[in-house]
Amino acid sequence: MLHLPEMPRAGQLAAGTSSTSAQPVKEQIHIGQHPGPTVQWDARKPSGSCPLLTLSTSVFPIFASRLRSTAAPHRREHIGCRCGRREPRTPPPPRPPEWPPPAADRGRRRRGVQIQIRWAGVDEIAPTAMAGAVSALFLLDIKGRVLVWRDYRGDVSALQAERFFTKLLDKEGDAEVHSPVVYDDAGVTYMFIQHNNVFLLTAARQNCNAASILLFLHRVVDVFKHYFEELEEESLRDNFVVVYELLDEMMDFGYPQYTEAKILSEFIKTDAYRMEVSQRPPMAVTNAVSWRSEGIRYKKNEVFLDVVESVNILVNSNGQIVRSDVVGALKMRTYLSGMPECKLGLNDRVLLEAQGRATKGKAIDLDDIKFHQCVRLARFENDRTISFIPPDGSFDLMTYRLSTQVKPLIWVEAQIEKHSRSRIELMVKARSQFKERSTATNVEIEVPVPSDATNPNIRTSMGSAAYAPERDAMVWKVKSFPGGKEYMCRAEFSLPSITAEEGAPEKKAPIRVKFEIPYFTVSGIQVRYLKIIEKSGYQALPWVRYITMAGEYELRLI
Numbered sequence: 001m002l003h004l005p006e007m008p009r010a011g012q013l014a015a016g017t018s019s020t021s022a023q024p025v026k027e028q029i030h031i032g033q034h035p036g037p038t039v040q041w042d043a044r045k046p047s048g049s050c051p052l053l054t055l056s057t058s059v060f061p062i063f064a065s066r067l068r069s070t071a072a073p074h075r076r077e078h079i080g081c082r083c084g085r086r087e088p089r090t091p092p093p094p095r096p097p098e099w100p101p102p103a104a105d106r107g108r109r110r111r112g113v114q115i116q117i118r119w120a121g122v123d124e125i126a127p128t129a130m131a132g133a134v135s136a137l138f139l140l141d142i143k144g145r146v147l148v149w150r151d152y153r154g155d156v157s158a159l160q161a162e163r164f165f166t167k168l169l170d171k172e173g174d175a176e177v178h179s180p181v182v183y184d185d186a187g188v189t190y191m192f193i194q195h196n197n198v199f200l201l202t203a204a205r206q207n208c209n210a211a212s213i214l215l216f217l218h219r220v221v222d223v224f225k226h227y228f229e230e231l232e233e234e235s236l237r238d239n240f241v242v243v244y245e246l247l248d249e250m251m252d253f254g255y256p257q258y259t260e261a262k263i264l265s266e267f268i269k270t271d272a273y274r275m276e277v278s279q280r281p282p283m284a285v286t287n288a289v290s291w292r293s294e295g296i297r298y299k300k301n302e303v304f305l306d307v308v309e310s311v312n313i314l315v316n317s318n319g320q321i322v323r324s325d326v327v328g329a330l331k332m333r334t335y336l337s338g339m340p341e342c343k344l345g346l347n348d349r350v351l352l353e354a355q356g357r358a359t360k361g362k363a364i365d366l367d368d369i370k371f372h373q374c375v376r377l378a379r380f381e382n383d384r385t386i387s388f389i390p391p392d393g394s395f396d397l398m399t400y401r402l403s404t405q406v407k408p409l410i411w412v413e414a415q416i417e418k419h420s421r422s423r424i425e426l427m428v429k430a431r432s433q434f435k436e437r438s439t440a441t442n443v444e445i446e447v448p449v450p451s452d453a454t455n456p457n458i459r460t461s462m463g464s465a466a467y468a469p470e471r472d473a474m475v476w477k478v479k480s481f482p483g484g485k486e487y488m489c490r491a492e493f494s495l496p497s498i499t500a501e502e503g504a505p506e507k508k509a510p511i512r513v514k515f516e517i518p519y520f521t522v523s524g525i526q527v528r529y530l531k532i533i534e535k536s537g538y539q540a541l542p543w544v545r546y547i548t549m550a551g552e553y554e555l556r557l558i
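Using the UniProt record's numbering, the first residue of the sequence shown is number 1, and each one after it goes up by one.
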């Protein structure tokens, strides 16, 4: 519904205003309750002519991008009035069937002035005016059958899911089968992810940003898991009403909207299989800080910050490090009242050098950084300050990667001896290569053994070891492994006396290591300060913890 402003009659000017000196009068059209394009009444026309209205196409992008315009965005298009005098124009193309509704396309009369809104086809939309939109979203089972689907634009049918699954099966065995994007000859692009036994699929006829759509699908999975504990076919069938409500809120007309599960749960509430929708949406939906609601109160205000680093190392059979990197994350849990402002300071080399401070080898270079949406990126780019209004609860504030050469924190050496095909002996040495004041906990070393090995006889100098036949490995566990220490494990296994002459080639599995080192980081990252500022002036307690753990830690020594 278009609500047009009150316009003066044709040729009518304010008292004491001439047609040559009058300034343009700007009013605004409203679409329902939303502000629409600006309408400008231009009184500076030659005498005898009627008022001429111009429409600004830079105010309401979704509305204005569909207005017929042969010029670039931010130019204005003349709209005809009822005197019959109109600016030269080309006939408009057919309007899209789904928007606007037919009633919005008819002329509206307000005080003798008729406003005619003309709508453009999709092909005339300027590329910079609107990003590509998704036409429909499908939830499929493992056999490609549609469980739930939501049509957002009306230009695709439910049969598109069947066409997608047919193309996916045709590509099975091809190297491109792992690609999350599938193209159709009919001009439809499919983007999908798989979670458990459910496919999440989008179909689009426009040129969409594939990375943003795939990220949106992963956010949809997170929201469903927040509501149903786990996203599976059964949970979708049991809660399809809630699923449709969530799909309507998370995407509008093919554009992602709200993907914060905690905000959605404030006005889409579930009780068993019943759903309750509040009449008034929470302030966070219309607020600039969409990831945090107003009115949060805690008796005790606390912030927990965990600096977690995962070490990835691959060592070849010669003992050389083939690949090594460190993936870090700053994980926060906030229990703060109101709308607090947080500032975080790290030992960032760029920041310290800009402030004229001596680094003395204690600073690090942060690369490949990814922030949570609450961080003010413009300020970080300007002065490297991490400032933000945090969400309530747990979230990842920042992730980073360091691709430098990393010394293995726990080095493992293994020797294997075979005795006349009847038994084998394993000797494994593990040495910690970090400072003595640190201690690794929950160390687990998995050493592969032949699949037909039996009768294990294992001895260790520290910890315990056991044979795991389901994994074809010996698992050595040490609860506490101080720095600068070396421990040994010996094992003996029996082999079958009769073996096939031409058996299958023996597979070579790597030695895998798992561990955790508290109060220690490989990169040397340090939290210099964590400030919490809130207008009520309460005191908050920040807690910081450092943990280093093994990621993909493999040694191919045997």
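For glycine and all other residues, C-beta sits at the position ideal for the given N, C-alpha and C.
The Cβ atoms of L336 and L530 lie no closer than 9 Å to each other. In the assembly as shown, R292 is a buried residue. Its beta-carbon has 16 or more other beta-carbons within 10 Å. A check of alpha carbon separations from Y519 across E436, I321, I263, K262 identifies E436 as the nearest. V443 is not a Cβ neighbour of M474, given a cutoff of 9 Å. In the structure shown, S235 adopts helical secondary structure according to DSSP, grouped into three states. One Cα belongs to E516, the other to V544, and the distance between them is close to 17 Å. Under the DSSP assignment, S451 falls outside any beta strand (DSSP E); it carries neither an H nor an E label. Three or more pairs of CB atoms, one per stretch, sit closer than 8 Å, so the stretch 157–165 contacts the stretch 189–202. Across the structure, A491 and P510 are spaced so that their CA atoms are roughly 17 Å apart. Counted as a single uninterrupted DSSP element, the alpha helix (DSSP H) harbouring A161 occupies residues 159–170. Using a Cβ-Cβ distance cut-off of 8 Å, the stretch 459–467 and the stretch 396–409 are not in contact, since fewer than three pairs of beta carbons, one from each stretch, lie closer than that value.
A direct Cα-to-Cα measurement between S157 and I213 gives close to 19 Å.
With contacts defined as CB atoms closer than 9 Å, R431 and E413 qualify as a contacting pair. If you keep only unbroken beta strand (DSSP E) runs of at least 3 residues inside the stretch 367–452, you get 386–388, 393–402, 410–419, 423–432, 439–448. In this structure, the straight-line span from the alpha carbon of M250 to that of L264 is close to 9 Å. The beta carbon of G551 sits closer than 7 Å to those of S310, V311, N312, V327, all from its chain and outside the five residues before and after it, given in chain order. Within the DSSP secondary-structure output, Q194 pairs in a beta bridge with F199. Looking from the CA of V223, the closest CA among F388, E260, V182 belongs to E260. By the 16-neighbour rule on beta-carbons within 10 angstroms, I268 is buried.
Of the residues assessed, D348 falls on the buried side of the cut-off, its CB having 16 or more other CB atoms within 10 angstroms. The three-state reading of DSSP puts P469 in helix, counting H, G and I together.
Per DSSP, the continuous beta strand (DSSP E) segment holding M332 begins and ends at 321–335. Pairing L330 with V308 gives a Cβ-Cβ distance under 9 Å. Between the stretch 203–211 and the stretch 130–147, the count of C-beta pairs closer than 8 Å reaches three or more; the two stretches touch.
By the 16-neighbour rule on beta-carbons within 10 angstroms, P390 is buried.
In this structure, the CA atom of K225 is about 36 Å from the CA atom of Y467. Bounds of any alpha helix (DSSP H) do not take in V182; it lies within the beta strand (DSSP E) bounded by 181–183. Around the Cβ of P482, a 10 Å sphere holds fewer than 16 other Cβ atoms; the residue is exposed. Shown here, V289 sits in coil according to DSSP, grouped into three states, outside any helix or strand.
In this structure, F380 keeps its C-beta atom at 9 Å or more from the C-beta atom of M332. S265: member of the alpha helix (DSSP H) spanning 261–267, first to last residue.
By the 16-neighbour rule on beta-carbons within 10 angstroms, F253 is exposed. A distance below 7 Å between beta-carbons, with the five flanking residues on each side excluded, links S235 to the following residues of its chain, in chain order: F228. Less than 9 Å divides the Cβ of F388 from the Cβ of E341.
Beta bridge pairing from DSSP links E486 with R431.
Of W476, V527, G484, T439, the smallest CA-CA separation from M549 is found for T439.
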